[in-house]
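**Q**
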Amino acid sequence: LKPVWLKTAATLPGPARPRDRGEMAALPGGMAAPEVSPAEMLVAEMKGMADCFARMTSSCNSKCISNVREEKLGVGEMSCVDRCVSKFLDVHAKVGMELQGLRATQAVAAGAPGAAPAS
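Read in order, the letters of the sequence shown are residues 8 to 126 in my numbering.
Right under this line is the structure:
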């Protein structure tokens with residue numbers, strides 16, 4: 008039996024979005040990372056989405072579904088799972104935005120002449 012809320016896998020935001028082909032990631036010390044192919048980025052994004060989904064499933068299942076007595080989820084269980092998934096995805100999105108902001112700040116600091124490197 009698959010719970011109804013497993014259908015949300017396709018709507019999960021990915022942890023990383025593909026970069027433009029010419030863009031290279033900056034490493035600490037000002038070194039440039041080697042270019043990554045679009046296929047490798049897609050695989051990494053899919054792995055990140057699968058990991059996020061697995062963590063969300065495990066967390067919400069343990070919090071909201073104490074034991075399986077019936078074929079379908081009860082109203083309280085569905086409500087709990089809905090809130091849990093919503094909160095999990097909101098937090099995941101906020102953390103992703105914070106990380107993007109930190110990366111942008113570090114990239115600017117690393118690329119700007121005379122700027123102190125971000126720690």
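For each residue, glycine too, the CB sits at the ideal point set by N, CA and C.
If you measure between the beta carbons of V92 and C59, is that distance less than 7 Å?
**A** Not a contact, by the Cβ cut-off of 7 Å.
**Q** Just curious, the alpha helix (DSSP H) that N68 is in, first and last residue?
**A** Residues 45–71.
**Q** Among residues of its own chain, excluding the 5 on either side of K70, which ones have a beta-carbon nearer than 8 Å to its beta-carbon?
**A** Here the set comprises C87, C91.
**Q** Just how far apart, CA to CA, sit Q107 and L80?
**A** Taking the straight line from one Cα to the other gives about 37 Å.
**Q** Excluding the five sequence neighbours on either side, which residues of its own chain have a C-beta within less than 6 Å of the C-beta of F95, listed in chain order?
**A** Once the five neighbours on either side are set aside, the close Cβ partners of F95 are M63.
**Q** So, helix, strand or coil for G118, using DSSP?
**A** Note: G118 maps to helix in three-state DSSP.
**Q** Taking DSSP as the reference, what is the three-state secondary structure of G81?
**A** G81: coil per DSSP, three-state reduction.
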